[in-house]
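To start, the structure under review is shown below, and the notes come after it.
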Amino acid sequence: MRFKCTMGLRNTLIVMALLLSGAASLKSHAFFNETGELPCHFPNTQNLSLDELVIFWQDQNKLVLYELFKGQEKPNNVHPKYIGRTSFDQDSWTLRLHNVQIKDTGSYQCFIHHKRSQGLISIHQMSSDLIVLANFSQPEISLIANQTEKPNIINLTCSSMQGYPEPQGMYVNLTTKNSTITYDAVMKKYQNNITELYNVSISVSFPIPPETNVSIICVLQLEPRKIILSLPCNIDAKSPVPSPPVPDHILWIAAVLVTVVIVCGMVFLTLKKRKKQQPGPSNECEIIKVEGKESEQTEKRVELQEPDRSDEVQCDVNISKTASGNKSATDF
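Take the sequence shown: its letters are residues -30 to -1, 1 to 302, numbered as in mature numbering (1 follows the signal peptide of the UniProt record, and there is no 0).
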């Protein structure tokens, strides 16, 4: 009798020690749409088989994720939102929760009972906290054209998407050869009602520094010691925003004006040259006579040709050969 009492007390102390060891909640992390682990850490000092045990997990709302009754799964006792999303690792006594969502963040408990003839006896219990994370995208910088009366101002936005939990802040570092200046701004945030993921952004304006080499980096502050940096945006501070292209119609007008000026100049020079070579008021084509060296003068014939264009008059003067074979032509 004394031996039996001693064994009973010993088993009770073992059970109490196991319960106390599982009282402290473990924290595990999982990423959005991936797999999280819910450990149970059952020592199984008695080397019990699964056929002797009843194992199940439940969430903080007492909804059952998984149940294994004497080695057989019991899907009928599982809540619909967890059906098909769990798998049990018998070697590590760990339940894996697949396709983790932000809403799965919370506390979970595992329970192990020994199935005996007199009923179920609780021999192990453990709590774990599942923390679901989602990586924010790398911040992106976008320069905004300056449409104000202050041309020496740089305007930009920085944005990052699809992350969780909500970041602590967002700011811009402007680095020159001699200094680094930080510009803070109010972070705008949007949370999706279904996925609960965050999109964040800031808008910043600051004066152009005198240096020509400027590097801008956007910083997303997730935790006190965890940040995500954007790719550097290197700009020429003297011209941070490219000039807008000139409209096509302005280019056409400028081309026409240049052409008119050139044509007028050519006409003016032509008229001035004619006045020097041909004194007199007449602007009509004349017949030019050329005196031959060894023969009498021969009257030349002037052919008037119609111009190809209606707004121009072209005069071609053809001079016949003299007896000696010499040629003389005057072009207008």
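Glycine is no exception: its CB is placed at the ideal position from the N, C-alpha and C atoms. On a predicted model such as this, the values are computed, not experimentally measured, just so you know.
- In this structure, Met131 is the residue among Lys73, Met131, Leu144 with its C-alpha nearest to the C-alpha of leucine 192.
- The Cβ-Cβ distance between serine 175 and asparagine 204 does not fall below 8 Å.
- Taking 8 Å as the cut-off, the beta carbon of proline 109 is found closer than this to the beta carbon of cysteine 128.
- Excluding residues up to 5 positions away in sequence, Pro45 lie with their Cβ nearer than 7 Å to the Cβ of isoleucine 53 in the same chain.
- In the DSSP assignment, leucine 201 falls outside any beta strand (DSSP E) and carries neither an H nor an E.
- Runs of the beta strand (DSSP E) spanning 3 or more residues and lying entirely within the region 18 to 99 occur at 23 to 29, 34 to 39, 56 to 59, 64 to 67, 76 to 86, in chain order.
- Taking C-beta atoms as the reference points, leucine 190 and isoleucine 178 fail to come closer than 8 Å.
- For the options Thr15, Gln42, Phe1, Val24, the alpha carbon positioned closest to that of phenylalanine 106 is the one of Phe1.
- Annotation: phenylalanine 12 to lysine 85 spans about 16 Å, alpha carbon to alpha carbon.
- In the structure shown, threonine 145 falls within a strand segment according to DSSP collapsed to helix, strand and coil.
- Here leucine 23 is buried: its Cβ has 16 or more other Cβ atoms, across all protein chains shown, within 10 Å.
- Measuring C-alpha to C-alpha distances from cysteine 10 to each of His83, Val48, Pro135 identifies His83 as the nearest.
- In this structure leucine -5 is not in contact with leucine 35, their Cβ atoms being roughly 16 Å apart against a cut-off of 8 Å.
- The continuous beta strand (DSSP E) containing glutamate 7 extends over residues 6 to 9.
- Residue nearest to lysine 147 within the set Lys158, Asn183, Ser112, Tyr141 is Asn183 (criterion: CA-CA distance).
- In this structure, DSSP gives isoleucine 178 a state outside helix and strand, which the three-state scheme calls coil.
- Looking at the backbone, the Cα of leucine 100 and that of glycine 41 are separated by about 26 Å.
- In the three-state reduction of the DSSP assignment, phenylalanine 238 falls in the helix class.
- Judged by DSSP secondary structure, tyrosine 134 falls outside any beta strand (DSSP E); it is assigned neither H nor E.
- Between lysine 159 and valine 142, the C-beta gap is not smaller than 8 Å, which leaves the two residues out of contact.
- In the displayed model, alanine 224 falls within a helix according to three-state DSSP.
- For glutamate 7, the closest C-alpha among the options Pro50, Ser57, Leu33 is that of Ser57.
- Taking a C-beta distance under 8 Å as the contact criterion, leucine 103 and tyrosine 78 do not qualify as a contact pair.
- Distance check between isoleucine 93 and each of Asn125, Asp154, Asn17, Asn163 places Asn17 closest, using alpha-carbon atoms only.
- Distance from the CA of leucine 144 to the CA of leucine 167, rounded to the nearest whole angstrom, comes to 29 Å.
- Between isoleucine 124 and cysteine 188, the gap from beta carbon to beta carbon reaches 8 Å or more.
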